[in-house]
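Residue numbers (numbering that gives the first Met the number 0), protein chains in the order written: chain A, 0 to 213; chain B, 0 to 140. The beta carbon of each residue, even a glycine, is placed where N, CA and C say it ideally should be.
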Amino acid sequence: MPKAERTPFSLPVLLIIPALLGALLLTGCSPPEPPALRQATLLPSPKPVADFQLTDQAGRPFNLDQLKGRWTLAFFGYTHCPDVCPTSMAMLAQVQRQLEQDPNVAQLPQVVFFSVDPERDTPELLASFVPYFHDSFIGVTGDPNEILKLTRQLGIIYGKTGGSGADDYLVDHSAAIILFDPAGSFHALFNVPHKPELIASDFLAIRDYYEATQ
Amino acid sequence: MKRVMLALALAASSWMAAAQPDIHIENAWVREAPPTARMLAAYLTLKNPGDQDRVLVKVQSPAFSHIMLHKSEVVDGVARMVHLDEIAIPAGGSVQLEPGGLHLMMPAPEVRLSAGDRVPLVLIFADGNRIEVQADVRKKP
């Protein structure tokens, strides 16, 4: 009677081993899942920004280089605005304070207020406006054409309205907060209504995903 | 005769008050602003316990040259302010003036207002009623 040939493993086990190996390889090599976001809208791919020449509240140049090397949260408003802009700036200060207390944050994002009313918003005016909300905040203004050069790339719109005199007008402006990544690219945006805790957690999720996929 | 007139007047005024209870004003505050801010915003809640709609038409204050009724709104992602002639408070309802919505807007006074200060606001209604409240200046996150 011929001896039956016996394999050391049964057939199902033989099938499972390569499947497991394959799964291991796949999870090891494929990028992590994109983050589930609650407030932010991520661009399908980060959009590089063309250079612009503006000035910060201390009179120093502020251009594309200043958006590189760290994350930036940007808001576009004007200092004569008594309701929406102070509310948004105070909300961004809450985001910043929350991130300051987070042990997973080695480098805080910079928060930049870009004026969409450069005729009235001088660097001197910004110097007393932005630090009021947080001493790390940066205010940027400058040539109206240079502001347009930047805002057009971001879908930020604004325009003068109302008022009775040359110095007495309101400015309608996009309410979104823009997130630039450390390459200086337009990476995501936060639409209203803004919730500081959601902006902070979404920012961290976006940052972690970005760092894991670089 | 004078006494009778007085009694009648008192009775009439208390009857009027019963028919038209006063609007309640709650949580009136002015947002403390950066030192160079030219415009300020104030907020409050109006409650109308009566059975008739009431209409706020004007707000005055010795602390401000003028006060405007305003509304911030975001339409298609764009924030804008709209000037209002009046704010209606429905019978039995309430209206909240709050950041990012209805608010009072006024030029900042020469002497800066800081958290802890109080300023009077006189609210004037379409029926001629006037209500004075004290608004706290607050620094709000």
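- Proximity of chain B to Ile156/A at the Cβ level (cut-off 8 Å) is accounted for by Val77, in chain order.
- Val73/B places its beta carbon 8 Å or farther from that of Leu112/B.
- Residue-level contact by beta carbon holds for Ala40/B and chain A, with a gap shorter than 8 Å.
- Taking 7 Å as the upper bound on Cβ-Cβ separation, chain A lies near no residue of the segment 105–137 of chain B.
- Comparing C-alpha distances from Ile130/B to each of Val58/B, Glu31/B, Ala40/B shows the shortest one belongs to Val58/B.
- Contacts between Gln100/A and chain B, judged by CB atoms closer than 7 Å, are missing: the closest CB pair is about 14 Å apart.
- In the DSSP assignment, Gln93/A falls within the alpha helix (DSSP H) that extends over 83–99.
- Listed along chain A is no residue with a C-beta nearer than 7 Å to that of His65/B; the closest approach is about 12 Å.
- Residue state for Leu101/B is assigned as strand, using DSSP reduced to three classes.
- Scanning its chain for C-beta atoms nearer than 8 Å, with the 5 sequence neighbours on each side dropped, one finds around Pro122/A the residues Thr54, Asp55, Gln56, Ala57, Gly58, Gly138, Thr140, in chain order.
- For Ala40/B, the secondary structure class from DSSP, reduced to helix, strand or coil, is strand.
- If one requires a minimum length of 3 residues, the beta strand (DSSP E) runs lying completely within the segment 163–198 of chain A are 167–173, 176–179, 185–189, in chain order.
- Residue environment: Ser173/A is assigned as buried (16 or more neighbouring CB atoms within 10 Å of its CB, all protein chains considered).
- Checking the DSSP bridge columns, you'll see Tyr157/A partnered with His172/A.
- Counting of Cβ neighbours within 10 angstroms places Val129/A among the buried residues, the total reaching 16 or more.
- DSSP places Asn144/A in the helix class (H, G or I) of the three-state scheme.
- At a Cβ-Cβ threshold of 8 Å, Gly99/B and Asp82/A count as neighbours.
- Interface with chain A (8 Å Cβ-Cβ cutoff): Ala62/B is excluded.
- Per DSSP, reduced to three states, the secondary structure at Glu72/B is strand.
- Of the candidates Ala107/B, Asp84/B, Pro106/B, Val94/B, Val94/B places its Cα closest to the Cα of Asn26/B.
- DSSP places Val81/B in the uninterrupted beta strand (DSSP E) bounded by 77–83.
- Residue state for Ala134/B is assigned as strand, using DSSP reduced to three classes.
- One alpha carbon belongs to Val110/B, the other to Thr44/B, and they sit about 26 Å apart.
- Counting C-beta pairs with one atom in each stretch, the segment 59–67 of chain A and the segment 168–185 of chain A have three or more that are closer than 8 Å, which means they touch.
- For Val121/B, the enclosing beta strand (DSSP E) starts and ends at 117–124.
- Shown here, Phe128/A sits in a helix according to DSSP, grouped into three states.
- In the structure shown, Pro122/A falls within a helical segment according to DSSP collapsed to helix, strand and coil.
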